[in-house]
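Reviewing the structure listed below.
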Amino acid sequence: MAYRPTEKTLARKAAVRDGLLAAALACVARDGFNGLTIAAVAQQAGMATGAVYKHFESKAHLCAEVFCLATEKEVAMVRAAATSVGTPEQRLRHAIAVFAERALRGRRLAYALIAEPVDTLVDVERLRFHHAYAEIFQQLVEDGMGCGAFASQDAPVSAAALVGVISEALVGPLSWQRDGATEPATAAEPADAACATATALVAAIQAFCLRAVGASA
Numbered sequence: 141m142a143y144r145p146t147e148k149t150l151a152r153k154a155a156v157r158d159g160l161l162a163a164a165l166a167c168v169a170r171d172g173f174n175g176l177t178i179a180a181v182a183q184q185a186g187m188a189t190g191a192v193y194k195h196f197e198s199k200a201h202l203c204a205e206v207f208c209l210a211t212e213k214e215v216a217m218v219r220a221a222a223t224s225v226g227t228p229e230q231r232l233r234h235a236i237a238v239f240a241e242r243a244l245r246g247r248r249l250a251y252a253l254i255a256e257p258v259d260t261l262v263d264v265e266r267l268r269f270h271h272a273y274a275e276i277f278q279q280l281v282e283d284g285m286g287c288g289a290f291a292s293q294d295a296p297v298s299a300a301a302l303v304g305v306i307s308e309a310l311v312g313p314l315s316w317q318r319d320g321a322t323e324p325a326t327a328a329e330p331a332d333a334a335c336a337t338a339t340a341l342v343a344a345i346q347a348f349c350l351r352a353v354g355a356s357a
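Per this note's numbering, residue 141 is the first one in the sequence shown, and the count goes up by one each step.
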């Protein structure tokens with residue numbers, strides 16, 4: 141008779157897998173995908189390296205799953221902002237602010253998700269989530285066109301462009317963490333000055349995007 145794992149066994153296995161994913165996410169948030177190693181994940185999770193390979197085929201597969209885990213949360217936050225109460229312009233501003241402000245608060249992870257050179261498996265997921273973000277902004281553009289708040293345009297093209305603009309505008313401010321750097325270039329800058337800089341950046345991205353969609357206001 142073939143062995144059939146019990147619900148308790150399956151639950152324990154799932155818990156171990158979730159713990160490894162959480163450990164891997166912590167590694168990426170600290171060191172980026174380039175700093176994620178099987179040994180580092182095992183150490184973070186308090187397990188043997190062999191345990192990682194029992195749940196993930198390779199480092200590349202683990203990285204892809206970590207990318208999805210982190211990005212799904214970000215997409216959900218932007219979607220919630222885009223579908224909140226308000227005019228299309230207000231919701232577009234809100235969605236951009238959520239995207240940008242969350243990235244600027246978690247710079248190392250954001251850079252890893254947006255721009256860090258990665259394995260092909262992660263690149264595939266990055267493109268898939270680019271489309272997910274674009275769908276959110278496409279609905280906003282269509283809503284704005286429908287009520288006359290935005291100019292008539294090709295909504296899918298505009299939405300894809302918005303995602304690209306927001307991401308690219310953030311790459312520079314996020315990229316201080318590249319190549320093993322551990323401190324931002326503005327580390328000596330007072331906290332209130334850094335906050336003002338971030339606020340100005342978000343406002344500039346919002347203004348550009350609103351002009352791009354032909355906002356009436």
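Using N, Cα and C, we set each Cβ at its ideal position, and we do this for glycine too.
Legend entry - Backbone CA spacing between Pro-228 and Val-192 [nearest angstrom]: If you take the alpha carbons of Pro-228 and Val-192, they lie about 45 Å apart.
Inset, instruction - Confirm, please, whether the CB-CB distance from Phe-207 to Ile-306 is below 9 Å. - result: no
Inset, instruction - Would you kindly work out how many angstroms separate the C-alpha atoms of Cys-335 and Ala-151, rounded to a whole number? - result: C-alpha separation (whole angstroms): 43 Å.
Inset, instruction - Could you pull out every residue in the same chain whose Cβ sits closer than 6 Å to the Cβ of Asp-319, ignoring the five residues on either side in sequence? - result: Because the pLDDT at Asp-319 is just 46, under 50, the model does not fix this residue reliably, and the value given afterwards should be weighed accordingly. Cβ within range, chain order: n/a, list empty.
Legend entry - Under the three-state DSSP convention, the category Ser-315 falls into: helix
Legend entry - Reference Arg-245; option with closest CA among Glu-214, Arg-219 and Phe-290: Selected option, being the one with the closest Cα: Glu-214.
Inset, instruction - Tell me whether the beta-carbon of Glu-275 lies closer than 9 Å to the beta-carbon of Ala-299. - result: Contact flag set, yes.
Inset, instruction - Write down the C-beta distance between Ala-164 and Leu-202 rounded to the nearest angstrom, noting that I regard them as a contact closer than 8 Å. - result: 6 Å
Legend entry - Burial state of Asp-294 (16 or more Cβ within 10 Å): By the Cβ-count criterion, Asp-294 is exposed, with fewer than 16 other Cβ atoms from all chains shown falling within 10 Å of its own Cβ.
Legend entry - Nearest residue (CA-CA) to Pro-313, options Arg-268, Tyr-251 and Ala-347: Tyr-251
Legend entry - Cys-287 versus Pro-257: straight-line alpha-carbon distance, rounded: When rounded, the distance between both Cα atoms is 41 Å.
Legend entry - Per-residue DSSP class, three states only, for Ala-255: coil
Inset, instruction - Quick one: grab the DSSP three-state call for Leu-176. - result: coil
Inset, instruction - Please go through the same chain and pick out, in chain order, the residues whose beta-carbon is closer than 8 Å to the beta-carbon of Leu-176, but skip the five residues on each side of it. - result: Ala-164, Cys-167, Val-168, Lys-199, Leu-202, Cys-203 and Val-206
Legend entry - Residue range of the alpha helix (DSSP H) that includes Val-200: Reading off the sequence, residue 200 comes out as Ala, not Val. 199–222 is the extent of the alpha helix (DSSP H) around Ala-200.
Inset, instruction - Check each candidate in Ala-309, Val-353, Ala-355 and Thr-337 and name the one with the smallest Cα separation from Ile-345. - result: Selected option, being the one with the closest Cα: Ala-309.
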